[in-house]
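Colleague: Note that the sequence shown ends on residue 254 in numbering that gives the first Met the number 0; no numbers are left out. Yeah, the Cβ is synthetic: ideal placement off N, Cα and C, and Gly gets one too.
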Amino acid sequence: MENKRPLILISNDDGVMAKGISELIKFLRPLGEIVVMAPDTARSGSGCAITVTQPVHYQLVRKEVGLTVYKCSGTPADCIKLAWNTVLERKPDLVVGGVNHGDNSATNVHYSGTMGVVIEGCLNGIPSIGFSLCSHDPGADFEAAGPYIRQIASQVLEKGLPLLTCLNVNFPDTKELKGIKVCEQAKGRWTNEWEACPRKGDSNYFWLIGEFTDDEPENEKNDHWALANGYVAITPTKVDVTDYEFMNELNKWFE
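This is how it looks when you write it as structure tokens:
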């Protein structure tokens, strides 16, 4: 590896062959030495899941100057664990997930395999960023996002991030981006989540679908509003989920 350049570890949840990860490599390649460890097929919705019931296997896909690509049989979080513990010769300067084909704003952060990549990096004390585009189209156009991806990654490489804080970055599916808004996570929930799809007379089969209901659609501070209005939404995200504000009240319950 070229030890004088920043080391960037990349993964995703759409699989190693997805257009989004190829575009991410293209955008970030000028910034450093890149190692990719990505799932061998799509693992969307896997969150921070890890594989504990069977061995995980990886293999080299290609290697060239400044870029090494591996594919892995495990989850996105597995990919980061495996690369960090068995492949890399030094600690990464940056972990990046994406670019995801689909929105990871609001509560999606809890389900997202892309953010599973990011959270795993963050838990290991590595500055980490997740990038997502609000389009599920396999051939989606990522070009408008490119300059922002490079700018945000450059800033994080230069300035770092607080311990146990990562960035969740979402792009609206438009060629005309209005700029960046630093946002809070939209508050809401998924509803109407299941659609029946009977099989051979058995009615107990369902597809997961659903629609997101934003509890504060007019809140200009949240990521949903930013995306709906053409802005890049950056949400600083903590992986320490302790409710410090409630601790004193909870202690009173047991006095």
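In chain order, which continuous runs of the beta strand (DSSP E) of length 3 or greater are located wholly inside the region 104-170?
Modeller: If we require 3 residues or more, the beta strand (DSSP E) runs fully inside the region 104-170 come out as 127-132, 164-170.
Colleague: Taking contact to mean 3 or more Cβ pairs, one atom from each stretch, closer than 8 Å, check whether the region 186-202 and the region 154-163 are in contact.
Modeller: Output reads no: the region 154-163 does not touch the region 186-202.
Colleague: Between residue 34 and residue 6, which are expected to be in contact by the criterion C-beta below 8 Å, what is the C-beta distance as a whole number of angstroms?
Modeller: Position 35 of the sequence shown holds residue 34. Position 7 of the sequence shown holds residue 6. Right, the Cβ-Cβ distance comes to about 7 Å (below 8 Å), so this counts as a contact.
Colleague: Would DSSP call residue 71 helix, strand or coil?
Modeller: Locating residue 71 in the sequence shown gives position 72, counting from the first residue. Correct three-state label for residue 71: strand.
Colleague: Quick check on the burial criterion: 16 or more other C-beta atoms within 10 angstroms. Buried or exposed for residue 47?
Modeller: Your numbering for residue 47 matches position 48 in the sequence shown. Buried, because 16 or more other Cβ atoms sit within 10 Å of the Cβ of residue 47.
Colleague: Please report how far the alpha carbon of residue 207 lies from the alpha carbon of residue 4, in whole angstroms.
Modeller: For the purposes of this step, residue 207 is taken as the residue at position 208 of the sequence shown. For the purposes of this step, residue 4 is taken as the residue at position 5 of the sequence shown. Looking at the two C-alpha atoms, the distance is approximately 43 Å.
Colleague: CB residue 20 to CB residue 41, shorter than 9 Å?
Modeller: As a working note, residue 20 is residue 21 in the sequence shown. As a working note, residue 41 is residue 42 in the sequence shown. It is not a contact, given that the beta carbons lie outside the stated cut-off.
Colleague: Roughly how many angstroms separate the alpha carbons of residue 218 and residue 182, rounded to a whole number?
Modeller: Here the question's residue 218 lines up with position 219 in the sequence shown. Here the question's residue 182 lines up with position 183 in the sequence shown. Taking the straight line from one Cα to the other gives about 10 Å.
Colleague: Tell me whether the region 119-127 and the region 81-94 touch, counting them as touching only if at least three CB pairs, one residue from each stretch, are closer than 8 Å.
Modeller: Touching, per the Cβ criterion.
Colleague: Can you grab the Cα-Cα spacing for the pair residue 234 / residue 212, in whole Å?
Modeller: If you number the sequence shown from 1, residue 234 lands on position 235. If you number the sequence shown from 1, residue 212 lands on position 213. Near 19 Å, if we compare the C-alpha coordinates of residue 212 and residue 234.
Colleague: Roughly how many whole angstroms lie between the Cα atoms of residue 1 and residue 142?
Modeller: For the purposes of this step, residue 1 is taken as the residue at position 2 of the sequence shown. For the purposes of this step, residue 142 is taken as the residue at position 143 of the sequence shown. Here the model assigns residue 1 a pLDDT of 47, short of 50, so the residue's position is not dependable, and the following value carries that caveat. Near 28 Å, if we compare the C-alpha coordinates of residue 142 and residue 1.
Colleague: Which of the three DSSP states is assigned to residue 28 in this structure?
Modeller: For this step, residue 28 is matched to residue 29 along the sequence shown. Correct three-state label for residue 28: helix.
Colleague: Considering only residues of the same chain and omitting the five flanking positions on each side of residue 138, which have a CB-CB separation below 7 Å?
Modeller: Reading the sequence shown from its first residue, position 139 is the one you call residue 138. The residues are 18.
Colleague: The beta strand (DSSP E) with residue 232 in it runs from where to where?
Modeller: Translated into positions along the sequence shown, residue 232 becomes position 233. Here the beta strand (DSSP E) through residue 232 covers 231-237.
Colleague: For residue 245 versus residue 149, is the C-beta spacing smaller than 9 Å?
Modeller: Residue mapping note: residue 245 aligns to position 246 of the sequence shown, counting from 1. Residue mapping note: residue 149 aligns to position 150 of the sequence shown, counting from 1. Cβ atoms of residue 245 and residue 149: not closer than 9 Å.
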